[in-house]
Amino acid sequence: MKIAYLNFPRYFFKRFLTFVFCFILLNKICFAETVIIDGKTIINQPTTYQNVTLDLSHGYFFVTNNATLKIENAEIKGIISPDNPYFLNVFDGDLTLENNIFDVHVKNIESSPKKSPFYRTIHIRKGKLSMTGNYFTIDKPYTVALLMTEKIPTSGFIIKNNKVDNFHGGFMLSYTSNALVSGNTLSHVSVTNLFTLKGHDNTFIDNTVLFSGNNNVGNGADIIDSNNIIFNNNFISFGSCYSMVVLRSQDIFIDNNRIIGGITHAIYITSNISLYDAFHTPFMILAYEDNNNAETYKNKNISITNNYFGQNRFGIAAINVDHLYVKGNIFIQKFMNNSSRQFWTNTDNLFQDVINLDWENNIYKEAFVQNITENNINGLKYVLYPSRGGVIL
Amino acid sequence: MLFFYKPRSIKFFVAAYVLLSTPLVYAETIKVNGNQIITKSMTYKNVKLDMTHGSFTIKNNAVIDIENSTVDVTISPSNPFYIYLTSGSVTLKNNVFNVVSSGIIQNPNIQSPYKLIQVDKGDVTITDNTFTIDTPYTVALFTTNIKYLTNGFQIQGNKIKNFHGGIYLANSNNAEIDNNVFTNVSFSNIFNNGNINNYHGNAFIFPGNLKLGNAFDIVNSDTVNLVDNIISSGSNYGIFILGSKNILLDNNKITDGLSYGIFIQTPTFSSIKNDKYLSNLLPKQKLNFYANDTITITNNIIAQNRYGLAGGVISNLTVEKNTFIQRFADSKTRQFWTNNHILLPSVTNLIWQNNLYKEAFTQEVPGNNNLSLQFVYFPPNGGVSLS
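From first to last, the protein sequence lines stand for chains A and B. The numbering of the first sequence is this note's numbering, which starts it at 653 and goes up by one. The numbering of the second sequence is this note's numbering, which starts it at 14 and goes up by one.
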């Protein structure tokens, strides 16, 4: 009796501590703290948000003074509108985003699929970016881009394993070098998905781009005025513009990608894109208009190897290239008749002003039919895709 | 000064000697003649193995470990396999296998009696190798023996080209088959008869090699996950399921195939007997098939195959958040071939939610895309109507 009596406060205290601990833990897990960001919220010293809900309905972060903003395991929801044009605006500093869910709502912004995006979720003027394992979704298509940089050189971005749905512009990297963009999945993203303008030494690997252009305007990948770009093991499918555009760029390595089901060319290499393409689709990306040196600037050292081009309307077209290396690719297309096939697989028609062309071991196969009544006589063989003259089955 | 430099010079000399004499620079060539019975552990690293007239049979729980090597193999009627594991363990890592088929008649329509690696019992780890054979439709890559239960195989990161049969797992459980690339592999690229097996991130180009064969054959199996695989230009079905339950197909991309993206067949004796492929593919031992039950198909893209998803008798089929992309000559045909009354006539407890349809872009020049620039809801029955 005496001992039990003495132990009573100790038991009580232990149970009380356990209760408090569990309460705090459950509270943390079940009811993440909501932080409301109101107006332009300046980050000018290292700041971290973890396991919180950030409400950006009426505010955004402005990172300056070389500060670092880190957001991890958070839910970020809010509104982008003319009054609140960003979620994250890095004027000068570093941004790290890991394992967050971004739920973007749009207010008072018109859907404009044929215009370049003005609004963007993340804007980086100067600084570093690391974003890994995030999920970005937006409620209204053709309105807001995900990520844009400015005409100030940035370097060393890491963009890995993110999922991006429905934005009007994906990873729009201008003047960015040494970026690693890998393992991301972009679905229904219009205007452009993987984009490098005036960049160098950027690597795009293992990305999946589904429905680039979102049944409207926009390419899977745009490599513009850039050099030393590696583009490997990506999957681009059902693009409603070009799957890849290479414009005035050098030392570009395009290897082991699968480009499937696109409305037009799988890869289009050119020194000049007019504002309207052959299908009278307007290209409104400002970058395309910035082509003063088009007459003198050649694409140079473009290597296209081991890719699978399946059931796009056209395969590769190239204009104004010095040293184009096309090897070990598989082209699967379908044509109404022999003359059409021969014309649209003839590099004499598809390539203009290409000097130093290396064309080796490329294979053509007629696509299997999808119409029920047709047969697959032509679909059941591989033939060598000749360097000139077009494919004859 | 010389006194102080001498040890450094010796170190330099030794280092240079070791470096220059490593197998990486001068890989030792080992010639194996005849069928070598391995009864104790053997390791080959950084060598060139000449197996043009030889093979290994592993017995008595012995271990064979081959790493970072180049292996030249000839498979012929007199040398019908490269490795035969009767009991023990095989580890193959970072090797390049150049296989020549000699004296074997190409036969795309029947299963090959010749196998590069044949397993009865034991452990298998095969990672980051390249396997290429010179003649298609002759030799299978890897098979197990249905008479023996095997467990826990790890086959990951390999490149497999031109074989007549890829990975054939009969009576094999808990396998992890990830990130392999199959190119121009005829007959079955992956045959699964076993439980709790995972297939993640594999890629297939031309399964069937324009003749015969599916990318996946899931037969008489329980709890099999196919996730993040890419199947392109299959000359039969992309994924075939026969008499299996608790099967998950998630986030796969099946494109450009000659026939169905996914086909789930009722396991009846007559359907198997009358099917040339199945009667060749299935193990000769009688299988007691499950009824097709609890099959979940989610987040897949099934595009530009002739047909999408169809099946026979199935209980508990969930089809959710898939995108179907096809192309039809007219509305009537489209509606017929996207109508689940026609495609899935014998399903009890079908959950069909949030599936989309998109008409494929035309490949014809000229040809218009009026119908292709929209996603529409793929209804659970009645077929897709586009306006």
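We put the beta carbon where it would ideally sit given N, CA and C, even for glycine. Note that the coordinates shown come from a computational prediction; the quantities given were computed from them, not determined experimentally.
- Secondary structure within the stretch 948-1024 of chain A: the alpha helix (DSSP H) runs of 4 or more consecutive residues, fully enclosed, are 990-996 and 999-1002 (chain order).
- Taking CB atoms only, A:V833 has no neighbour in chain B less than 8 Å away.
- In the DSSP annotation of this structure, the continuous segment of the beta strand (DSSP E) that includes A:I694 starts and ends at E685 to I695.
- Cβ-Cβ separation between A:V816 and A:L798: approximately 6 Å, consistent with a contact (criterion under 8 Å).
- Between the beta-carbon of A:L849 and that of A:D877 there is about 6 Å, and that keeps the pair under the 8 Å contact cut.
- Annotation for B:I355: the continuous alpha helix (DSSP H) segment containing it runs N353 to L356.
- Proximity of chain B to A:L1002 at the Cβ level (cut-off 9 Å) is not reached, the minimal Cβ distance being about 12 Å.
- A direct Cα-Cα distance of roughly 42 Å separates B:I173 from B:G395.
- Selection B:N264, B:L294 and B:V152 evaluated against B:F253 yields B:L294 as nearest (Cα-Cα).
- With distances taken between CA atoms, B:N187 lies nearest to B:S234 out of B:L223, B:G221 and B:S234.
- Rounded to whole angstroms, the Cβ separation of A:E727 and A:N751 is 11 Å, and the two are not in contact under 8 Å.
- Looking at B:T138, B:D147 and B:T148, the one whose alpha-carbon comes closest to that of B:I180 is B:T138.
- When the beta-carbon positions are compared, A:I921 and A:N953 stay at least 8 Å from each other.
- In the three-state scheme derived from DSSP, where H, G and I count as helix and E and B as strand, A:G821 is classed as coil.
- Excluding sequence positions up to five before and after A:F890, its CB lies within less than 6 Å of the CB of F863 and G913, all in the same chain and listed in chain order.
- Within chain B, no C-beta atom comes nearer than 9 Å to that of A:G1041; the closest sits roughly 18 Å away.
- Collapsing the DSSP output to three states places B:S328 in a strand.
- The beta carbon of B:D263 sits no closer than 8 Å to any beta carbon of chain A.
- Straight-line spacing of the CA atoms in B:I117 and B:P90 works out to 7 Å.
- Under the Cβ criterion of 8 Å, A:W996 is counted among the residues facing chain B.
- Within the same chain, I355 and G396 come within 8 Å of B:F349 by CB-CB distance, once the 5 residues on both sides are set aside.
- The C-beta of B:A342 comes closer than 8 Å to at least one C-beta of chain A.
- Take A:I810, set aside five residues on each side of it, and the residues of its chain with a beta-carbon closer than 8 Å to its own are L781, S782, M783, T784, A831 and L832, in chain order.
- Residue environment: B:A373 is assigned as buried (16 or more neighbouring CB atoms within 10 Å of its CB, all protein chains considered).
- Judged by DSSP secondary structure, B:F282 falls within the alpha helix (DSSP H) whose first and last residues are F282 to K286.
- Taking a Cβ-Cβ cut-off of 9 Å, the neighbours of B:I243 in chain A comprise F887 and R910, given in sequence order.
- In the structure shown, B:K289 adopts helical secondary structure according to DSSP, grouped into three states.
- If you draw a 10 Å sphere on the C-beta of A:P734, you find fewer than 16 other C-beta atoms in it, and that means exposed.
- The beta carbon of A:K1033 sits closer than 8 Å to some beta carbon of chain B.
- C-alpha of B:Q366 to C-alpha of B:L330: approximately 11 Å in a straight line.
- For A:A1019, the closest Cβ of chain B is nearer than 8 Å.
- Counting only runs of 4+ residues, no alpha helix (DSSP H) is found wholly inside the stretch 59-128 of chain B.
- Within the stretch 742-772 of chain A, not a single complete alpha helix (DSSP H) segment reaches 4 residues in length.
- At the C-beta level, A:T844 and A:M824 come within 8 Å of one another.
- B:K334 and B:I310 have their alpha carbons spaced roughly 8 Å apart.
- Judged by beta-carbon spacing, A:S839 lies beyond the 8 Å limit of B:L386, meaning their Cβ atoms are not closer than that value.
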